[in-house]
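Here's the structure, in structure tokens; my notes come after.
There are 2 protein chains.
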Amino acid sequence: MTETTIQMTGTLEPRDSWTADACPMAHALDVVRNRSAFLVLREAFYGATRFEEFAARTGLSEPVTATRLRELTGAGLLEREPYQEPGQRTRRLYRLTEKGSDLLPAIVALMQWGDKWVLPGGARVEVRHHDCGAAVRAELRCEHGHAVGRDELELARR
Amino acid sequence: MTETTIQMTGTLEPRDSWTADACPMAHALDVVRNRSAFLVLREAFYGATRFEEFAARTGLSEPVTATRLRELTGAGLLEREPYQEPGQRTRRLYRLTEKGSDLLPAIVALMQWGDKWVLPGGARVEVRHHDCGAAVRAELRCEHGHAVGRDELELARR
DNA sequence: CCGTATCCACAACGATACTG
DNA sequence: CAGTATCGTTGTGGATACGG
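Sequence order for the protein chains is A and B. In terms of my numbering, the first sequence has 107 at position 99, counting the first letter as 1, and numbering is strictly consecutive. In terms of my numbering, the second sequence has 45 at position 37, counting the first letter as 1, and numbering is strictly consecutive.
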């Protein structure tokens, strides 16, 4: 098993390139390909479960909402669960799977980037730790517990 | 200043919805709208600086590469810097700005999600802490230093 | 209430050819 | 080497109307 290690500040030789099918981020973007998929997932994180909730809160049209829900369900990020309240007809609700909720760090990271760099008036959303109320951030940290800055990264492929 | 607090597990009333222009994540996705923009940024993180490097390593066509570089430069995520080696003609290179490199947590989060959920053979990319060699992960952590799990989140808008 | 079917407009992207 | 111009194909998404 060969392994190449590259410092972030360095440059790569062409032979170090990877094609699209070897890049995990490209694969992630193949599943959550478009803006509307992110919006649907955002609302799932916020607790939306029913079709109309997704359509209304994302601002997407119903056809687009239906397509994204179908795709995300097919990709295993959402699951469709039939449930029945006594005396009511059957309903279906969409819930995040573990695969779907595992995207939360990416979504929070995008949110905080938008807060910082795009929205003029500062943060319009806050994510807080339920236990202590402190603000939550997506950050890079190594397994030894060190916070990792941009200049302290090393990239390795194998 | 009104503020609503929602537990992740709960549901939102329709009036709690925000429109697209109030969502920081949607704004982030307006800037990094498409897959190719992420790929270009990925290569910038990996150290690419020249036009041909971006085109070759992302696998994008030259016109698309040129468009993305122009857009990302215009949005302030990359900066174009002319430089001149003695005796050579002027070249231009693209470098990440702070705004651009601030997207690193989101990119690493997408990479590790792809590693875990999409790629069959396990991780094909590793990000490590240069100081200690330990693997780096994008994770949610509150300002008191607690690691924050999926069920310990509270969302607040104001 | 929960979607689907159809249609249309525009954005994204690759291929090819060409310029400073 | 570093792009631009043009073209054709596919993807994305809204509008409208309709069905279970």
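Built from N, CA and C at the ideal position, the CB exists for glycine as well.
Short Cβ contact (9 Å threshold) for L127 of chain A with G108 of chain A: Numbered from 1 along the first sequence, position 119 holds the residue referred to as residue 127 of chain A. Numbered from 1 along the first sequence, position 100 holds the residue referred to as residue 108 of chain A. It is not a contact, given that the beta carbons lie outside the stated cut-off.
Contacting residues, own chain, Cβ-Cβ under 7 Å from A63 of chain A (five flanking each side not counted): Along the first sequence, one-based indexing puts residue 63 of chain A at 55. Result list for A63 of chain A: E70, T73, in chain order.
Per-residue DSSP class, three states only, for H154 of chain A: The count along the first sequence starts at 1 and reaches residue 154 of chain A at position 146. Here H154 of chain A sits in coil by DSSP.
Spatial distance of D38 of chain B from G153 of chain A (CA atoms): If you number the second sequence from 1, residue 38 of chain B lands on position 30. If you number the first sequence from 1, residue 153 of chain A lands on position 145. If I take the Cα positions, the gap works out to 33 Å.
is_contact[G82 of chain B, chain A] using C-beta, thresh 9 Å: The residue labelled residue 82 of chain B in the question sits at position 74 within the second sequence. It does not; no Cβ of chain A falls within 9 Å.
7 Å CB neighbourhood of R145 of chain B in its chain, flanking five on each side removed: Counted from its first residue, the second sequence places residue 145 of chain B at position 137. Here the set comprises Q120.
Nearest neighbour of E106 of chain A, chosen from A:L118, A:W125, A:L80 [CA to CA]: As a working mapping, residue 106 of chain A is identified with position 98 in the first sequence. Minimum Cα distance to E106 of chain A is reached at A:L80.
Chain-order list of residues whose beta-carbon lies under 7 Å from that of V156 of chain A (same chain, five-residue window excluded): Here residue 156 of chain A is taken as the residue at index 148 of the first sequence, counted from 1. Within the same chain, V156 of chain A has close Cβ partners L148, R149, C150.
Exposure of R136 of chain B, with buried meaning 16 or more beta-carbon neighbours within 10 Å: By one-based count along the second sequence, residue 136 of chain B stands at place 128. It is buried - the Cβ of R136 of chain B has at least 16 other Cβ atoms within 10 Å.
E162 of chain A at chain B interface by Cβ criterion, 9 Å: Here residue 162 of chain A is taken as the residue at index 154 of the first sequence, counted from 1. Yes, E162 of chain A lies at the interface with chain B (some Cβ there is under 9 Å from its Cβ).
Presumed contact (8 Å Cβ cut-off) between A52 of chain B and R65 of chain B, rounded CB distance: Translated into positions along the second sequence, residue 52 of chain B becomes position 44. Translated into positions along the second sequence, residue 65 of chain B becomes position 57. Contact flag wrong, Cβ pair sits at about 10 Å.
Spatial distance of C140 of chain B from L163 of chain A (CA atoms): Locating residue 140 of chain B in the second sequence gives position 132, counting from the first residue. Locating residue 163 of chain A in the first sequence gives position 155, counting from the first residue. Taking the straight line joining both Cα atoms gives about 13 Å.
V126 of chain B, DSSP secondary structure in three states: Within the second sequence, residue 126 of chain B is the residue found at index 118, counting from 1. Reduced to three states, the DSSP call for V126 of chain B is coil.
Whole-angstrom C-beta distance between L47 of chain A and L68 of chain A, which should lie under 8 Å: Numbered from 1 along the first sequence, position 60 holds the residue referred to as residue 68 of chain A. Numbered from 1 along the first sequence, position 39 holds the residue referred to as residue 47 of chain A. At roughly 7 Å, the Cβ-Cβ gap stays under 8 Å, so L68 of chain A and L47 of chain A are in contact.
Per-residue DSSP class, three states only, for H35 of chain A: Residue mapping note: residue 35 of chain A aligns to position 27 of the first sequence, counting from 1. Residue state, collapsed to three classes: helix.
Closer than 9 Å to chain A by CB, R136 of chain B: Position 128 of the second sequence holds residue 136 of chain B. Output row for R136 of chain B: interface = yes.
Helix, strand or coil at R132 of chain B according to DSSP, with G and I counted as helix: Position 124 of the second sequence, counted from the first residue, corresponds to residue 132 of chain B. DSSP places R132 of chain B in coil when its eight states are reduced to three.
Bounding residues of the alpha helix (DSSP H) (the contiguous stretch that carries R78 of chain A): The sequence position of residue 78 of chain A within the first sequence is 70, counting from 1. Run containing R78 of chain A: 70-82, per the alpha helix (DSSP H) assignment.
Opposing strand residues paired with R149 of chain A [DSSP bridges]: As a first step, residue 149 of chain A must be located in the first sequence, where it is residue number 141. Per DSSP, A:A155, B:R145.
Top-ranked residue by Cα proximity to R100 of chain B, from B:E61, B:A142, B:S44, B:V133: Counted from its first residue, the second sequence places residue 100 of chain B at position 92. Nearest option by C-alpha distance: B:E61.
Interface flag, F53 of chain A vs chain B, CB-CB below 9 Å: Translated into the one-based positions of the first sequence, residue 53 of chain A becomes position 45. For F53 of chain A, the answer is yes, since a Cβ of chain B falls inside 9 Å of its Cβ.
Chain B within 9 Å of S69 of chain A, Cβ atoms only: In the first sequence, the residue the question calls residue 69 of chain A occupies position 61. No - not a single Cβ of chain B is within 9 Å of the one on S69 of chain A.
Exposed unless 16 or more other CB atoms sit within 10 angstroms - verdict on L161 of chain A: If you number the first sequence from 1, residue 161 of chain A lands on position 153. That one is buried.
Outcome for P32 of chain A when other beta-carbon atoms lying within 10 angstroms are tallied against a minimum of 16: Translated into the one-based positions of the first sequence, residue 32 of chain A becomes position 24. Buried, because 16 or more other Cβ atoms sit within 10 Å of the Cβ of P32 of chain A.
Which residues DSSP lists as bridging L101 of chain A, in chain order: As a working mapping, residue 101 of chain A is identified with position 93 in the first sequence. Answer by DSSP bridge pairing, in chain order: A:E89.
P113 of chain B classed as buried or exposed, judged by whether at least 16 other C-beta atoms fall within 10 angstroms: Along the second sequence, one-based indexing puts residue 113 of chain B at 105. P113 of chain B comes out buried.
Minimum Cβ-Cβ distance from I14 of chain B to chain A less than 9 Å: In the second sequence, counting from the first residue as 1, residue 14 of chain B sits at position 6. At I14 of chain B, the pLDDT of 39 sits below 50, so the modelled position is not reliable; the number obtained from the coordinates is stated separately. Taking Cβ atoms only, chain A reaches closer than 9 Å to I14 of chain B, which makes this a yes.
Identity of the residue in B:E89, B:L49, B:V116 nearest A143 of chain B by Cα: In the second sequence, counting from the first residue as 1, residue 143 of chain B sits at position 135. Closest option to A143 of chain B, Cα to Cα, is B:V116.
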